[in-house]
Amino acid sequence: MMSQIKITKVKVILTAPGGIDLAVVKVETNQPGLYGLGCATFTQRIFAVKTALEDYMAPFLEGKDPTRIEDIWQSACVSGYWRNGPIMNNALSGVDMALWDIKGKLAGLPLYDLLGGKCRDGIPLYRHTDGGDEHEVEDNIRALMEEGYQYVRCQMGMYGGAGTEDLKLIATRLARAKNIQPKRSPRSSTAGVYFDPDAYVRSVPRLFDHLRNKLGFGIEFIHDVHERVAPIAAVNLAKVLEPYSLFYLEDPVAPENMEWLNTLRAQSSTPIAMGELFTHVNEWRPLITRHLIDYIRCHVSTIGGITPAKKLATLSEIHGVRTAWHGPGDISPVGVAANLHLDLSLSNFGIQEYTPMNEALHSVFPGCPEIDRGYAYLSDRPGLGIDIDEDKAAQFPCNGGIPSWTLARLPDGTAARP
Ligand code: MG
C-alpha cells in the first residue's frame, strides 16, 4: 500500500536544443521515481512563464495530491482571480500535462488509453513547406511526398514576408514569374520583416494553380493566411481558392475580426481552420457552435493543457468540427507527445502539424514519437511516454530573445500582425 501521494516539487527546465527556447515542467512526488513532465512553452515570453511557475504555481501545488487533476486545474486557474492569457495558461499546462503523465504512470497505461483508447492505428501528419517561387515550393513538396507525406502546408516567401533584402529578391522573382509587383518602400525603411498583403494575396491562387497543374489532386494542400490580410481580402481568397480544393485555409482572419467568418462562410465552401492564438473559451465557443470553422487549431499549452483540450475536442465533436492542434517548432517534444495522445484517442481528430526534430532534441528528450511515411506512432509506455535528460538540457541554454519574424511591417513601414 502506497503512502498518500503528494507533490514535493515543481521544477521548470528551460532548454533550446533545436535553437528555439522551450519550457518543460517537472512535477516531482514523494513516491520514489514518480514524476511527470509537461510543456509550458511560450517562446516569446519564456522567462515570464518560468516566474509564474516558480513564484505562484509551485507554492500553490506543493503538498497537494497529484492524482486530483481536474480539481487542481480548476483551483489553480482561479487562484489569481484574474485568469487565462498565454502566460498563465502555459504555466497551468506545464502542470496539467505533468499530472496526466503521473496518472498514466500510476495506472501503468499510456495516456491515450486513459483518454478512452486508440481511435486509429497511426496519426496522419502534415508538414510545412515554403519556397521563393512556385517552382521551389513544388520541388519541396515532391521531396516530402517521397518521404511519404500526404498532407503539406504550402507557403511562398515564408508567410509572404521577408527581411528587406530578401523582400527585394522575392519581389524580383515574383515580378518575373507572375507579373505581381510588391509595393516599393519609402526611401528609408524601419528594421523589420516586410510584407505586402496585396501582392501576397494575388500570389496565392497562382501558387495553387501551378501546384495542382504539376502535382494533381492526389495530395492534400493547406495554406496559412496567418491573419495577415484585410478581412474582405480573406473572403475573396477563400472563394478564389475553391477550385484548388484545399484541405483547409488557416487563420483567414485575426481573432479580433472573427465576425467576418459569417461573411466568409456565406460565400465559400473552402474549409477553414482557426484557433492557434486563442486562449479563452469565449474565443472558440461561438466559432464551433455557429459552425463557422471546420478545424479547431488551438495550441494545447496556450489554452491550459490536456484538461481543457479534451473538453474543447468534445464540444467540437458534437458540432462536426475536427481537431488540428498547432504543432510548430516552438513546442517541446513533451507538448508534441501530448498532442499525439489526444490525436490517437479523439474520434474527431482531423490532422496533426508536425515539425521535424534535430538530433539534439532527440538526445535531450528520450522517447520522442516515431515518425514513418507521414504517420506518427506512439509507444505503449505509461503516461506521455517521454522523458528529459536534465544534464543534456542544461547544455542548450535559452536566450530569451524575441524572434525576428514577429517584427512584421507593411511596405510603407507600418507595424503589422506577424
Ligand atoms: Mg498558423
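Residue numbers (the working numbering): 1 to 418. For each residue, glycine too, the CB sits at the ideal point set by N, CA and C.
**Report entry** 7 Å CB neighbourhood of K214 in its chain, flanking five on each side removed
**Finding:** Position 214 of the sequence shown, counted from the start, is the residue given in the question as residue 214. Hits under 7 Å: E138.
Requested in this report: Take N84 and list the residues in its own chain whose beta-carbon comes closer than 6 Å to its own, dropping the five residues that flank it on each side.
Outcome: Start at 1 with the first residue of the sequence shown, and residue 84 comes out as number 84. Closer than 6 Å at the Cβ level, and outside the excluded window around N84, lie T279, H280.
Query raised in the report: Apart from the five residues just before and just after S245, which ones in its own chain have a Cβ nearer than 7 Å to its Cβ?
Result: Here the question's residue 245 lines up with position 245 in the sequence shown. Within the same chain, S245 has close Cβ partners F217.
**Report entry** Supposed close pair T323, I296 - CB separation, criterion 8 Å
**Finding:** Translated into positions along the sequence shown, residue 323 becomes position 323. Translated into positions along the sequence shown, residue 296 becomes position 296. Confirmed, Cβ separation roughly 6 Å.
Query raised in the report: If A23 and V49 are in contact, beta carbons under 8 Å, what's the gap, nearest whole angstrom?
Result: What you label residue 23 is simply residue 23 of the sequence shown in a count that begins at 1. What you label residue 49 is simply residue 49 of the sequence shown in a count that begins at 1. Sure, about 5 Å apart at Cβ, within 8 Å.
Report task. Return the residue from the list Q181, I141, L292 that minimises the CA-CA distance to F208. Result -> Counting from one through the sequence shown, the residue named residue 208 turns up at place 208. Considering only alpha carbons, the answer is I141.
Query raised in the report: With 16 as the cutoff for other CB atoms within 10 Å, does G19 come out buried or exposed?
Result: As a first step, residue 19 is located in the sequence shown; it is residue number 19 there, counting from the start. Burial call: exposed.
Query - Straight-line gap, A58 to V12 (C-alpha atoms, nearest Å) - result: Locating residue 58 in the sequence shown gives position 58, counting from the first residue. Locating residue 12 in the sequence shown gives position 12, counting from the first residue. So the two alpha carbons sit approximately 10 Å from each other.
**Report entry** Secondary structure of P110, DSSP reduced to three states
**Finding:** On the sequence shown, position 110 is the one that residue 110 refers to. Note: P110 maps to strand in three-state DSSP.
Query raised in the report: Beta carbon of G304, beta carbon of N30: below 8 Å?
Result: Counting from one through the sequence shown, the residue named residue 304 turns up at place 304. Counting from one through the sequence shown, the residue named residue 30 turns up at place 30. Contact: no.
**Report entry** Span of the alpha helix (DSSP H), counted from its first residue to its last, around G18
**Finding:** In the sequence shown, the residue the question calls residue 18 occupies position 18. Per DSSP, G18 lies in no alpha helix (DSSP H) segment and is marked neither H nor E.
Query - Boundaries of the beta strand (DSSP E) in which R265 is found, first to last residue - result: Position 265 of the sequence shown, counting from 1, holds the residue named residue 265. R265 -> not in any beta strand (DSSP E); alpha helix (DSSP H) instead, spanning 260-267.
Query raised in the report: Among G157, W284, P411, which one has its Cα closest to the Cα of L292?
Result: As a working note, residue 292 is residue 292 in the sequence shown. In terms of Cα proximity to L292, the closest of G157, W284, P411 is W284.
Query raised in the report: How close, in whole Å, do the beta carbons of L15 and A393 come, if the pair is a contact with beta carbons under 8 Å?
Result: If you number the sequence shown from 1, residue 15 lands on position 15. If you number the sequence shown from 1, residue 393 lands on position 393. According to the sequence displayed, residue 15 carries Thr and not Leu. Confirmed, about 4 Å.
Query - Backbone CA spacing between A230 and A309 [nearest angstrom] - result: Taking the sequence shown and counting its residues from 1, the one referred to as residue 230 is at position 230. Taking the sequence shown and counting its residues from 1, the one referred to as residue 309 is at position 309. About 30 Å.
Report task. Starting from the N-terminal end, write out each residue whose C-beta falls within a distance shorter than 6 Å of any non-hydrogen atom of the ligand MG. Result -> Residue list for the ligand MG: D224, H226, E250, D251, E276 (CB closer than 6 Å to any heavy atom, chain order).
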